[in-house]
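K.L.:
Structure provided below as structure tokens; questions to follow.
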Amino acid sequence: MLQDVLPPKPTDLTDELNRDLTELAKNHRRRQLKSVRPVKRPQIILNGKPVIDFSSNNYLGFAQQPALITAAIQATEHYGTGTGGARLIGGTLDLHLELEEKLKAFKDTEAALVFNSGYQANVGLMTALADRHDYILMDRYSHASLVDGAIQSRAKLTRYHHLDLNHLETLLQKAPQSTKKLIVTDTVFSVDGDTAPLQALYAIAEKYNTWLILDEAHATGLFGDQKRSGLWETTGIGAAPRVIQIGTFSKALGSFGAYIAGSQPVIQTLVQKARSFIYSTALPPGVIAANTAAIDLLISDPAHTQKLWQNVEYFKKTCQTQGIKLTLQTPIIPWHTGEDKKALEAAEKLLAEGYYIQPIRPPTVPEGTSRLRITLTAPHTQDQIQNLIKTLS
Ligand SMILES: *Cc1c(COP(=O)(O)O)cnc(C)c1O
Numbered sequence: 000m001l002q003d004v005l006p007p008k009p010t011d012l013t014d015e016l017n018r019d020l021t022e023l024a025k026n027h028r029r030r031q032l033k034s035v036r037p038v039k040r041p042q043i044i045l046n047g048k049p050v051i052d053f054s055s056n057n058y059l060g061f062a063q064q065p066a067l068i069t070a071a072i073q074a075t076e077h078y079g080t081g082t083g084g085a086r087l088i089g090g091t092l093d094l095h096l097e098l099e100e101k102l103k104a105f106k107d108t109e110a111a112l113v114f115n116s117g118y119q120a121n122v123g124l125m126t127a128l129a130d131r132h133d134y135i136l137m138d139r140y141s142h143a144s145l146v147d148g149a150i151q152s153r154a155k156l157t158r159y160h161h162l163d164l165n166h167l168e169t170l171l172q173k174a175p176q177s178t179k180k181l182i183v184t185d186t187v188f189s190v191d192g193d194t195a196p197l198q199a200l201y202a203i204a205e206k207y208n209t210w211l212i213l214d215e216a217h218a219t220g221l222f223g224d225q226k227r228s229g230l231w232e233t234t235g236i237g238a239a240p241r242v243i244q245i246g247t248f249s250k251a252l253g254s255f256g257a258y259i260a261g262s263q264p265v266i267q268t269l270v271q272k273a274r275s276f277i278y279s280t281a282l283p284p285g286v287i288a289a290n291t292a293a294i295d296l297l298i299s300d301p302a303h304t305q306k307l308w309q310n311v312e313y314f315k316k317t318c319q320t321q322g323i324k325l326t327l328q329t330p331i332i333p334w335h336t337g338e339d340k341k342a343l344e345a346a347e348k349l350l351a352e353g354y355y356i357q358p359i360r361p362p363t364v365p366e367g368t369s370r371l372r373i374t375l376t377a378p379h380t381q382d383q384i385q386n387l388i389k390t391l392s
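For the record, in the sequence shown the residue sitting at position 282 is 281 according to numbering that gives the first Met the number 0, with numbers rising by one throughout.
In structure tokens:
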């Protein structure tokens, strides 16, 4: 009897973890870290083996661009490697403020604020804007960081069916009229690369007087006619007080960190209330300088974006001539396999053939809908793409 109430021995504690890990492995769901060493992107050395990387979000190849590298080196030489403080406590360099000025112009908003990562931006935004009295209505396929932020905010979180605006409206009608509401969505969805209908979402936000929060992580640098600042730019609506945009420097812009762009009151509120902004050391000078250089390069040289979209077109055309049906709106290509095990096996076979592609499995996607997530980047050559499609089919 006494045994039942004794706390578990340390060995039992680790046994329990090992049991869970074994269970994950049995279900083909145990994730592994792999060592990557870039040779000449998209060529990498993965766990010691040379392969072509078709899994990176470095869509424009900016992470290897001399303009960004030089900016990072120079800023590091002038300012050192760290900022030594949070943004409100001595960590705000002139470089941060310059970047935020640039972002304002880039996004056509009243103000912008740099965060240390997209994850921290989303958690900071949700918790600063919503509390337990409020309603958050989120697309079911939105990024995990938006979900985590919503949960931390303690607002009433409901997730509408993916891209189903009728469902969204039904939920909005059920929520009390006088409460604050946030509609939240990715603009380009990170797993399948499909896009949200922003004009229709904006009309709904106006009709129900809600905030509209757009995560442009996978759209920044790719979409937008003039500046390629994201999918919102393509709506032509421009700055709207109820619209808040999140973007990252970590994907197409080839660096690290994130930003939130919106009205002055929104940004000022974040400075006062976003805990992930307040209680974290400011990004280092090298990173900030690379981010500024990335925006400059994006605007001054459209060749990188053009090359990427040419590669997307080439992938589409090559699939068509081989009778493979695909709808492609972005450089993110879902290749469906169904079962978990099949996705894993396909990824392993592709790796043996020299292609690195991520299998996407539950809990990231629903049961029975596992897939390969292929991403195209500007540095990929047509030969590399053609050979991949041959191997895939
Ligand atoms: C990658 C991603 C994030 C997180 O950004 P990090 O800078 O990597 O933390 C947030 N939202 C979406 C939609 C993303 O794809």
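Cβ atoms here follow ideal geometry from the backbone N, Cα and C, with glycine treated the same way.
Can you look up residue 134 in the DSSP assignment and give me helix, strand or coil?
P.N.:
As a position in the sequence shown, residue 134 is number 135, starting the count at 1. If DSSP states are grouped into helix, strand and coil, residue 134 belongs with the strands.
K.L.:
Can you tell me whether residue 236 is buried or exposed, with buried defined as 16 or more other CB within 10 angstroms of its CB?
P.N.:
For the purposes of this step, residue 236 is taken as the residue at position 237 of the sequence shown. With fewer than 16 other Cβ atoms within 10 Å, it is exposed.
K.L.:
Looking only at its own chain, which residues have a Cβ that is under 6 Å from the Cβ of residue 481, when we skip the five neighbours before and after it?
P.N.:
Since the first residue of the chain shown is 0 and the last is 392, residue 481 is not available in this structure.
K.L.:
Restricting to runs no shorter than 3 residues, where is the beta strand (DSSP E) found entirely within the stretch 306-366?
P.N.:
Listed in chain order, they are 331-337 and 357-359.
K.L.:
Under 8 Å, with one C-beta from each stretch per pair, do the stretch 244-261 and the stretch 216-232 reach the 3-pair mark?
P.N.:
The stretch 244-261, when compared against the stretch 216-232, does touch it at the 8 Å Cβ threshold.
K.L.:
Which runs of the alpha helix (DSSP H) fall wholly inside the stretch 29-91 and span at least 4 residues, in chain order?
P.N.:
Within the stretch 29-91, the complete alpha helix (DSSP H) runs of at least 4 residues are 65-78.
K.L.:
Return the Cβ separation of residue 98 and residue 290 in integer angstroms, given the expectation that the two are a contact with Cβ distance under 8 Å.
P.N.:
As a position in the sequence shown, residue 98 is number 99, starting the count at 1. As a position in the sequence shown, residue 290 is number 291, starting the count at 1. Residue 98 to residue 290, Cβ: 6 Å. Contact.
K.L.:
If you measure from each residue's Cβ to the nearest non-hydrogen atom of ligand 1, which ones come out under 6 Å, in chain order?
P.N.:
In chain order, the qualifying residues are 116, 117, 118, 121, 142, 144, 185, 189, 214, 216, 217, 247, 249 and 257.
K.L.:
Residue 338 to residue 27, Cα distance in whole Å?
P.N.:
Numbered from 1 along the sequence shown, position 339 holds the residue referred to as residue 338. Numbered from 1 along the sequence shown, position 28 holds the residue referred to as residue 27. Taking the straight line joining both Cα atoms gives about 10 Å.
K.L.:
For residue 287, tell me which candidate among 77, 37 and 266 has the shortest Cα-Cα distance.
P.N.:
Residue numbering aside, residue 287 sits at position 288 when the sequence shown is read from its first letter. Checking every option, the nearest Cα to that of residue 287 belongs to 77.
K.L.:
Just grab the DSSP bridge partners of residue 185 for me.
P.N.:
For the purposes of this step, residue 185 is taken as residue 186 along the sequence shown, with counting starting at 1. Note: residue 185 sits in a beta bridge opposite 214.
K.L.:
Which whole-angstrom value describes the C-beta separation of residue 190 and residue 336, a residue pair presumed to lie in contact below a C-beta threshold of 8 Å?
P.N.:
The residue you call residue 190 lines up with position 191 of the sequence shown. The residue you call residue 336 lines up with position 337 of the sequence shown. That pair is no contact at about 13 Å.
K.L.:
If we define contact as Cβ-Cβ less than 9 Å, is residue 369 a contact residue for chain B?
P.N.:
Any reference to chain B falls outside this structure, which holds one protein chain only.
K.L.:
What does the Cβ neighbour count give for residue 144, buried or exposed, with the cut at 16 atoms within 10 Å?
P.N.:
Locating residue 144 in the sequence shown gives position 145, where the first residue counts as 1. The residue is buried, with at least 16 neighbouring Cβ atoms inside 10 Å.
K.L.:
Just to confirm the assignment, what range does the alpha helix (DSSP H) spanning residue 391 have?
P.N.:
Here residue 391 refers to the residue found at position 392 of the sequence shown. That run of the alpha helix (DSSP H) goes 381-391.
K.L.:
For residue 239, which of helix, strand or coil comes out of DSSP?
P.N.:
The count along the sequence shown starts at 1 and reaches residue 239 at position 240. Coil at residue 239, not helix or strand.
K.L.:
Less than 9 Å between the beta carbons of residue 257 and residue 221, yes or no?
P.N.:
The residue labelled residue 257 in the question sits at position 258 within the sequence shown. The residue labelled residue 221 in the question sits at position 222 within the sequence shown. Cβ distance not < 9 Å, so residue 257 and residue 221 don't count as in contact.
K.L.:
Count the C-beta pairs between the stretch 319-329 and the stretch 14-21 that are closer than 8 Å, then say yes if the count reaches three, no if not.
P.N.:
No, the stretch 319-329 does not touch the stretch 14-21.
K.L.:
How many angstroms separate the CA atom of residue 359 from the CA atom of residue 365?
P.N.:
The residue you call residue 359 lines up with position 360 of the sequence shown. The residue you call residue 365 lines up with position 366 of the sequence shown. Roughly 10 Å separates the two Cα atoms.
K.L.:
Alpha carbon to alpha carbon, how far is residue 341 from residue 180? Give it in angstroms, no decimals.
P.N.:
For the purposes of this step, residue 180 is taken as residue 181 along the sequence shown, with counting starting at 1. For the purposes of this step, residue 341 is taken as residue 342 along the sequence shown, with counting starting at 1. If you take the alpha carbons of residue 180 and residue 341, they lie about 41 Å apart.
K.L.:
Would you be able to state if there are at least three C-beta pairs under 8 Å between the stretch 65-81 and the stretch 256-275?
P.N.:
No: the two stretches stay apart, fewer than three of their Cβ pairs being nearer than 8 Å.
K.L.:
What are the boundary residues of the beta strand (DSSP E) that residue 158 is part of?
P.N.:
If you number the sequence shown from 1, residue 158 lands on position 159. 155-159 is the extent of the beta strand (DSSP E) around residue 158.
K.L.:
Of the choices 293, 330 and 296, whose alpha-carbon is the least far from that of residue 188?
P.N.:
Mapped onto the sequence shown, residue 188 falls at position 189. Out of 293, 330 and 296, 330 has the C-alpha closest to the C-alpha of residue 188.
K.L.:
Can you tell me the Cβ-Cβ gap for residue 314 and residue 259, rounded? I've got them flagged as a contact below 8 Å.
P.N.:
On the sequence shown, position 315 is the one that residue 314 refers to. On the sequence shown, position 260 is the one that residue 259 refers to. Actually they do not touch by this definition, with Cβ atoms about 32 Å apart.
K.L.:
Is it the case that the stretch 366-386 contacts the stretch 52-72, given that we only count it when at least three CB pairs across the two stretches are under 8 Å?
P.N.:
Taking 8 Å as the limit for Cβ pairs, the verdict is that the stretch 366-386 does touch the stretch 52-72.
K.L.:
Per DSSP, which one or two residues make a beta bridge with residue 112?
P.N.:
In the sequence shown, the residue the question calls residue 112 occupies position 113. Residue 112 is bridged to 259.
K.L.:
Using CA coordinates, which residue listed in 12, 224 and 162 is at the minimum distance from residue 304?
P.N.:
Taking the first residue of the sequence shown as position 1, residue 304 is located at position 305. Checked all of 12, 224 and 162; the closest Cα to residue 304 is 224.
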